[in-house]
Amino acid sequence: MDAAYDLACLGEPLLELNRRPGDEGASLYLEAHGGDASNVAIAAARQGARTAFLSAVGDDLAGRSFLQLWAHEGVDASAAQVDPERPTGLYFVSHDAQGHHFTYLRKGSAASAYRLDEAAREAIRRAKIAFASGISLAISAQAADAVFEAMALAGTSGRRVAFDTNYRAGLWPPARAAALVRQAMSLSNIAFPGLEDMQALFGLSDPEEIVRFCLSLGPEAVALKMGSEGALLAMGEQRIVMPPFPARPVDATGAGDTFCGAFLARFAEGASLQKAGRYAACAAALATQGFGAVPPIPRRETVEAALAGAR
Numbered sequence: 238m239d240a241a242y243d244l245a246c247l248g249e250p251l252l253e254l255n256r257r258p259g260d261e262g263a264s265l266y267l268e269a270h271g272g273d274a275s276n277v278a279i280a281a282a283r284q285g286a287r288t289a290f291l292s293a294v295g296d297d298l299a300g301r302s303f304l305q306l307w308a309h310e311g312v313d314a315s316a317a318q319v320d321p322e323r324p325t326g327l328y329f330v331s332h333d334a335q336g337h338h339f340t341y342l343r344k345g346s347a348a349s350a351y352r353l354d355e356a357a358r359e360a361i362r363r364a365k366i367a368f369a370s371g372i373s374l375a376i377s378a379q380a381a382d383a384v385f386e387a388m389a390l391a392g393t394s395g396r397r398v399a400f401d402t403n404y405r406a407g408l409w410p411p412a413r414a415a416a417l418v419r420q421a422m423s424l425s426n427i428a429f430p431g432l433e434d435m436q437a438l439f440g441l442s443d444p445e446e447i448v449r450f451c452l453s454l455g456p457e458a459v460a461l462k463m464g465s466e467g468a469l470l471a472m473g474e475q476r477i478v479m480p481p482f483p484a485r486p487v488d489a490t491g492a493g494d495t496f497c498g499a500f501l502a503r504f505a506e507g508a509s510l511q512k513a514g515r516y517a518a519c520a521a522a523l524a525t526q527g528f529g530a531v532p533p534i535p536r537r538e539t540v541e542a543a544l545a546g547a548r
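Structure follows, in structure tokens:
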């Protein structure tokens with residue numbers, strides 16, 4: 238079956254309220270859109286990938302704004318469900334000297350009650366890569382079941398699976414998180430572990446030890462995200478240290494999601510591990526130069542211009 242999509246992303250969309258200091262000490266909140274899987278889908282679409290988004294939103298202003306956003310960004314959300322009984326989740330972002338901090342209002346969200354329907358299954362069957370993260374495993378047992386069903390379906394359909402650990406300690410107990418992350422990684426072809434995630438869940442802090450552990454679970458490629466230290470890419474015995482791309486960061490809210498989306502967009506095109514990683518590192522760095530998750534995500538021409546200028 239021919240691929241209709243390069244990437245199908247499954248996850249929880251969240252309305253974002255990003256706090257910035259205003260005049261006379263008042264706070265201003267910039268309304269935007271977030272949720273890691275939605276960010277990944279948009280990042281991939283802005284690099285030219287054919288992208289689908291699978292989830293549920295509430296029948297509310299936030300849900301309708303997401304449907305408009307995906308249509309504007311060229312993300313096919315025709316399989317997204319509208320739940321008349323549950324709301325779209327939201328979160329607040331605040332900033333201080335230690336970085337950015339999140340406060341969530343997501344309990345009982347439409348996405349937490351999401352189940353795959355036949356439209357979603359067909360999208361997964363026809364996507365080169367299916368993507369999900371640890372957040373969707375954490376928000377509810379039902380959402381976790383949907384992720385594992387999607388991963389299994391992608392595998393039996395001859396498609397690749399990509400998984401980002403994206404561990405949030407406040408969402409679930411670490412023992413359950415470690416067990417389900419391990420299971421998800423065993424079903425994945427491409428893994429995006431985070432350095433802090435792997436230390437919290439498995440007690441691993443050495444980058445080489447982490448990528449060996451991840452590869453032993455089954456993925457063919459691992460991109461270990463190390464924040465300001467860049468990334469370590471691994472495939473078989475190949476190791477590539479990817480230093481951070483130069484930038485002047487102001488907000489790292491969606492940088493990791495941009496990395497995943499940009500990497501998968503290029504990988505789906507057939508780019509090598511090194512080229513996909515270098516491109517993703519540049520896109521992620523550019524995404525930190527503006528506020529919010531979605532607005533600063535760069536488009537392909539911007540990333541290519543930055544890469545050309547760095548040579």
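Just so we're aligned, residue 238 is where the sequence shown starts under the working numbering, counting upward by one. Even glycine gets a Cβ: it sits at the ideal position worked out from N, Cα and C.
A direct Cα-to-Cα measurement between residue 499 and residue 517 gives close to 5 Å. Cβ-Cβ separation between residue 438 and residue 456: approximately 16 Å, too far for a contact (criterion under 8 Å). Counting along the chain, residue 268 sits inside the beta strand (DSSP E) bounded by residues 264-271. Approximately 6 Å separates the beta-carbon atoms of residue 370 and residue 248; this is inside 8 Å, confirming the contact.
Residue 282 is positioned such that its CB atom lies closer than 8 Å to that of residue 312. Per the C-alpha coordinates, the member of 366, 269, 544 positioned closest to residue 242 is 366. Between the C-alpha atoms of residue 494 and residue 278 there is a straight-line separation of about 9 Å. With a cutoff of 8 Å on beta-carbon distance, residue 510 and residue 542 are scored as not near each other. Contact annotation, residue 428 with residue 385: C-beta distance approximately 16 Å; criterion of less than 8 Å not satisfied. The residues 256, 338, in chain order, have a CB closer than 6 Å to that of residue 331 in the same chain once the five nearest residues on each side in sequence are set aside. The beta carbon of residue 375 is closer than 6 Å to those of 408, 409 in its chain, skipping five residues each way along the sequence. In terms of Cα proximity to residue 445, the closest of 433, 298, 301, 470 is 470.
DSSP places residue 434 in the helix class (H, G or I) of the three-state scheme. Under the DSSP definition of a beta bridge, residue 475 partners with 472. Membership of residue 537 in the alpha helix (DSSP H) is indicated by the continuous run 537-546. If you draw a straight line from the Cα of residue 377 to the Cα of residue 460, it comes to about 26 Å. One thing to note: residue 304 has its Cβ within 8 Å of the Cβ of residue 314. The DSSP assignment places 336-342, 364-370, 397-401 as complete runs of the beta strand (DSSP E) inside the stretch 332-403, in order along the chain (cut-off: 3 residues).
Going by DSSP, residue 504 is part of the alpha helix (DSSP H) stretching over 492-506.
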